[in-house]
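Top to bottom, those sequences are chains H and W.
Under the numbering used here, residues 39 to 156 are what the first sequence spells out, in order.
Under the numbering used here, residues 137 to 457 are what the second sequence spells out, in order.
All C-beta atoms in this analysis are idealised placements derived from N, C-alpha and C, irrespective of residue type, glycine included.
Please read all numbers here as calculations on a predicted model, not as lab measurements.
Taking it in order: structure first as structure tokens, then the write-up.
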Amino acid sequence: MLYTNLKHIESAAQHAGVISENENVMVICGRMGPMCIPVYEIAEELESEYPHVKFFDMEFDNPEAAVIRNLPEVQNFMGIPFTIYYKNGKVVKATSSIQTRKQVTDILNEKFGQKVNV
Amino acid sequence: MCDMNDQHYQAIVIGAGPAGLTAGIYLSRSRVKTLIINEGAVGGQMVLTHEIANYPGVEKISGYQLASVMKKQALAFGCEIRSNVEISAMELSGERKSIHLADGRQFTSDVVIIATGGRSRMLNVAGEKQFKGRGISYCATCDGDFFTGKEIVVVGGGNSALEEAVSLTKYATKVTVVHQFDHFQAFEYAVEEARSNPKIHFIMDAQIIQFNGQEKLESVDIKHTVTGAVSNLKTDGVFIFIGYAPNTESLQGVLQLNNAGEIMVNDRMETSLQGVFAAGDSIAKKYRQVTTAVGDATVAALSAAAFLHEMSRTKKAAWSN
Numbered sequence: 039m040l041y042t043n044l045k046h047i048e049s050a051a052q053h054a055g056v057i058s059e060n061e062n063v064m065v066i067c068g069r070m071g072p073m074c075i076p077v078y079e080i081a082e083e084l085e086s087e088y089p090h091v092k093f094f095d096m097e098f099d100n101p102e103a104a105v106i107r108n109l110p111e112v113q114n115f116m117g118i119p120f121t122i123y124y125k126n127g128k129v130v131k132a133t134s135s136i137q138t139r140k141q142v143t144d145i146l147n148e149k150f151g152q153k154v155n156v
Numbered sequence: 137m138c139d140m141n142d143q144h145y146q147a148i149v150i151g152a153g154p155a156g157l158t159a160g161i162y163l164s165r166s167r168v169k170t171l172i173i174n175e176g177a178v179g180g181q182m183v184l185t186h187e188i189a190n191y192p193g194v195e196k197i198s199g200y201q202l203a204s205v206m207k208k209q210a211l212a213f214g215c216e217i218r219s220n221v222e223i224s225a226m227e228l229s230g231e232r233k234s235i236h237l238a239d240g241r242q243f244t245s246d247v248v249i250i251a252t253g254g255r256s257r258m259l260n261v262a263g264e265k266q267f268k269g270r271g272i273s274y275c276a277t278c279d280g281d282f283f284t285g286k287e288i289v290v291v292g293g294g295n296s297a298l299e300e301a302v303s304l305t306k307y308a309t310k311v312t313v314v315h316q317f318d319h320f321q322a323f324e325y326a327v328e329e330a331r332s333n334p335k336i337h338f339i340m341d342a343q344i345i346q347f348n349g350q351e352k353l354e355s356v357d358i359k360h361t362v363t364g365a366v367s368n369l370k371t372d373g374v375f376i377f378i379g380y381a382p383n384t385e386s387l388q389g390v391l392q393l394n395n396a397g398e399i400m401v402n403d404r405m406e407t408s409l410q411g412v413f414a415a416g417d418s419i420a421k422k423y424r425q426v427t428t429a430v431g432d433a434t435v436a437a438l439s440a441a442a443f444l445h446e447m448s449r450t451k452k453a454a455w456s457n
């Protein structure tokens, strides 16, 4: 159970729906641990600044999260969270372990477009 | 004492770890208009702690949960919190302090409490950034299970390094502790526990000088500090526990710091600048615990409130004359 304010993905089917129905999606796959919590918090804060991006989390130990753990892009990852950026259903970027707000916004700006003024 | 300008606060607290949040709670409860500005996530190093069992009054709680409660308390008393921002400049020497953010915003205040805390030290050797999350980790509880059945290295010689080395033997087949000295800084119980674990091996008087690999970490180059010889050790992962560094780089030349970069304070938590106080892991002190951070911050906040009260009283007296 992830105690975040993000929308949760709980099944592979839901994951498939989310990335097919939304142009720009960020999914943070992690646990309630010290490397993951800061990334959830950053995503929560960015939701209002990037309305053109849908932000989700998914519990790393959920068997259904195999849809993320088995991605070719993460096979060398050895640190959580696995953060995956999807555009039109395709992985365009994936990062491993804790990230700063700037690292996240740099990716969002490059892959999905700049933030809006709020 | 309030300024009509929304961007002006009576007190600005830099940092939202246990010290910063405590200062926010005390100041806001004293009706001091307070803003906490935080460059990282709320909770600071406290959220790195999986379980806290020695915080008086709470039997067991995760660092994240304790941070969440402290944040809720601060907000309930009217404290404002802006986290995950980047501070570009601080002007602390004048009567009115100002904090500039990289996004162009500026906030001013009558007093500032520095509670910037510390961060895990990095080795700062070639390949460290490249392989973070691809074999290099700073959190055993987070990433230990990725190394099940593998051979790994732990760097460090303090309590954290040896305790985490023991913990990582749940997953790894072999743990090699690399330490730069011929003796450990850890308490004897931690040394004994590590030494008696058959999966743990030791390379003393040695430092990692390079991380090697392609897509993920494959080996490390180790320099033996006595002989100068360099050897290569194949490994699947490296966990680094070499202590903490204070987050005070931006305060060099601004506040009086000691040789370790820690802020010098007196018993009222006053720094070398009038109206600037400090608390928590960024100050010069021996023991760094959540409880000591909370204690420092309580003193800093009460001292800051007294300073504001005196400032207000002096101004009123000047007006009445």
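With distances taken from CA atoms, which of W:411, W:217, W:446 is nearest residue 174 (chain W)? Indexing the second sequence from 1 puts residue 174 (chain W) at position 38. Comparing Cα-Cα distances from residue 174 (chain W) to each of W:411, W:217, W:446, the minimum goes to W:217.
At what residues does the beta strand (DSSP E) containing residue 226 (chain W) begin and finish? Within the second sequence, the letter at position 90 stands for residue 226 (chain W). Per DSSP, the unbroken beta strand (DSSP E) holding residue 226 (chain W) starts and ends at 223-227.
So, do the region 263-283 of chain W and the region 431-447 of chain W have three or more beta carbon pairs nearer to each other than 8 Å? no
I want to see whether chain H comes within less than 9 Å of residue 272 (chain W), judged by CB atoms only; does it? Here the question's residue 272 (chain W) lines up with position 136 in the second sequence. Output row for residue 272 (chain W): interface = yes.
Between H:50, H:150, H:86, which has its C-alpha nearest residue 177 (chain H)'s C-alpha? Chain H is shown only over 39 to 156; residue 177 (chain H) falls outside these bounds and no answer can be derived.
How many Å lie between residue 140 (chain H) and residue 77 (chain H) at the Cα? Taking the first sequence and counting its residues from 1, the one referred to as residue 140 (chain H) is at position 102. Taking the first sequence and counting its residues from 1, the one referred to as residue 77 (chain H) is at position 39. Each residue's Cα considered, the two are about 11 Å apart.
Leaving aside the five residues before and after residue 316 (chain W) along the sequence, list all residues of the same chain whose C-beta is less than 8 Å from its C-beta, in chain order. Against the second sequence, residue 316 (chain W) aligns to sequence position 180. Excluding positions up to five away in sequence, the list reads 293, 341, 342, 343, 361.
Sorted by chain position, which residues of the same chain lie with C-beta nearer than 6 Å to residue 144 (chain W)'s C-beta, five sequence neighbours on each side aside? In the second sequence, residue 144 (chain W) corresponds to position 8, counting from 1. Closer than 6 Å at Cβ, skipping near neighbours: 244.
Got a sec? Which residues, its chain only, sit under 6 Å from residue 337 (chain W) by beta carbon, not counting five neighbours each side? Within the second sequence, the letter at position 201 stands for residue 337 (chain W). So the list reads 312, once near-sequence residues are dropped.
Let me see if you follow: with CB-CB separation under 9 Å, is residue 76 (chain H) close to chain W or not? For the purposes of this step, residue 76 (chain H) is taken as residue 38 along the first sequence, with counting starting at 1. Closer than 9 Å: yes.
Which of helix, strand or coil does DSSP assign to residue 153 (chain W)? Walking along the second sequence from the start, residue 153 (chain W) turns up at place 17. In the structure shown, residue 153 (chain W) sits in coil (DSSP, three-state: anything other than H, G, I, E or B).
The beta strand (DSSP E) enclosing residue 349 (chain W), as first and last residue numbers: Locating residue 349 (chain W) in the second sequence gives position 213, where the first residue counts as 1. Here the beta strand (DSSP E) through residue 349 (chain W) covers 342-349.
Is it the case that the CB of residue 188 (chain W) approaches a heavy atom of the ligand COA more closely than 8 Å? Here there are no bound small molecules, and the ligand COA is not part of this structure.
Please compile the residues from chain H whose C-beta is within a distance smaller than 8 Å of the C-beta of residue 152 (chain W). Reading the second sequence from its first residue, position 16 is the one you call residue 152 (chain W). The contacting residues do not exist; residue 152 (chain W) stays about 11 Å from chain H at best.
Under 9 Å between beta-carbons, which chain H residues line up against residue 268 (chain W)? List them in chain order, please. Walking along the second sequence from the start, residue 268 (chain W) turns up at place 132. By Cβ distance, chain H contributes 117, 134, 135, 136.
Drop a sphere of 10 angstroms on the beta-carbon of residue 309 (chain W), count the other beta-carbons inside from all chains shown, and report buried for 16 or more, exposed for fewer. As a working mapping, residue 309 (chain W) is identified with position 173 in the second sequence. Result: exposed.
Just the chain W side, please: which residues come within less than 7 Å of residue 72 (chain H) by C-beta, in chain order? Sequence index remark: in the first sequence, residue 72 (chain H) carries index 34 (1-based). Those within 7 Å of residue 72 (chain H) in chain W are 183, 184, 275, 278.
In whole angstroms, give me the CA-to-CA distance for residue 258 (chain W) and residue 378 (chain W). Taking the first residue of the second sequence as 1, we reach residue 258 (chain W) at position 122. Taking the first residue of the second sequence as 1, we reach residue 378 (chain W) at position 242. Each residue's Cα considered, the two are about 8 Å apart.
Cutting at 6 Å between CB atoms, please list the residues of its own chain near residue 396 (chain W), excluding the five before and the five after it. Within the second sequence, numbered from 1, the residue matching residue 396 (chain W) stands at position 260. Within the same chain, residue 396 (chain W) has no close Cβ partners at all.
Identify each residue in the region 324-355 of chain W for which the Cβ-Cβ distance to at least one residue of chain H is less than 7 Å, and report them in chain order. 351, 352
For a cutoff of 9 Å on Cβ pairs, would you count residue 220 (chain W) as touching chain H? Position 84 of the second sequence, counted from the first residue, corresponds to residue 220 (chain W). Yes, contact with chain H.
I believe residue 157 (chain W) touches residue 207 (chain W) by the beta-carbon criterion, under 8 Å. Please report the beta-carbon distance rounded to the nearest angstrom. In the second sequence, the residue the question calls residue 157 (chain W) occupies position 21. In the second sequence, the residue the question calls residue 207 (chain W) occupies position 71. That pair is a contact at about 6 Å.
What are the boundary residues of the beta strand (DSSP E) that includes residue 375 (chain W)? Locating residue 375 (chain W) in the second sequence gives position 239, where the first residue counts as 1. Note, residue 375 (chain W): beta strand (DSSP E), 373-376.
I'd like to know if the region 145-165 of chain W and the region 84-98 of chain H are in contact, where contact means that at least 3 CB-CB pairs between them fall below 8 Å. No: fewer than three Cβ pairs fall under 8 Å.
Within the 9 Å Cβ cut-off, does residue 200 (chain W) reach chain H? In the second sequence, residue 200 (chain W) corresponds to position 64, counting from 1. It does: the Cβ of residue 200 (chain W) has a partner Cβ on chain H nearer than 9 Å.
So residue 191 (chain W) packs on residue 426 (chain W), CB below 8 Å; how close in whole Å? In the second sequence, counting from the first residue as 1, residue 191 (chain W) sits at position 55. In the second sequence, counting from the first residue as 1, residue 426 (chain W) sits at position 290. With 8 Å as the limit, residue 191 (chain W) and residue 426 (chain W) qualify as a contact, their Cβ atoms being about 6 Å apart.
With a cut-off of 9 Å, does the C-beta of residue 243 (chain W) fall near any C-beta of chain H? Stepping through the second sequence from its first residue, residue 243 (chain W) is reached at position 107. Proximity of residue 243 (chain W) to chain H, defined by a Cβ-Cβ separation below 9 Å, is not satisfied.
Answer yes or no: does any C-beta atom of chain H fall closer than 9 Å to that of residue 177 (chain W)? Numbered from 1 along the second sequence, position 41 holds the residue referred to as residue 177 (chain W). It does: the Cβ of residue 177 (chain W) has a partner Cβ on chain H nearer than 9 Å.
Return no unless some Cβ of chain H is closer than 9 Å to the Cβ of residue 373 (chain W). Looking up residue 373 (chain W) in the second sequence gives position 237. Taking Cβ atoms only, chain H reaches closer than 9 Å to residue 373 (chain W), which makes this a yes.
Same chain, Cβ closer than 8 Å to residue 105 (chain H), neighbours up to 5 away in sequence not counted: Locating residue 105 (chain H) in the first sequence gives position 67, counting from the first residue. Excluding residues within five positions, the ones whose Cβ falls inside 8 Å are 50, 53, 54.
Alpha carbon to alpha carbon, how far is residue 303 (chain W) from residue 371 (chain W)? Locating residue 303 (chain W) in the second sequence gives position 167, where the first residue counts as 1. Locating residue 371 (chain W) in the second sequence gives position 235, where the first residue counts as 1. Whole-angstrom Cα-Cα distance: 18 Å.
Touch check for the region 224-232 of chain W and the region 408-420 of chain W: three-plus C-beta pairs under 8 Å? yes
According to DSSP, is residue 239 (chain W) helix, strand or coil? One-based indexing of the second sequence puts residue 239 (chain W) at position 103. Reduced to three states, the DSSP call for residue 239 (chain W) is coil.
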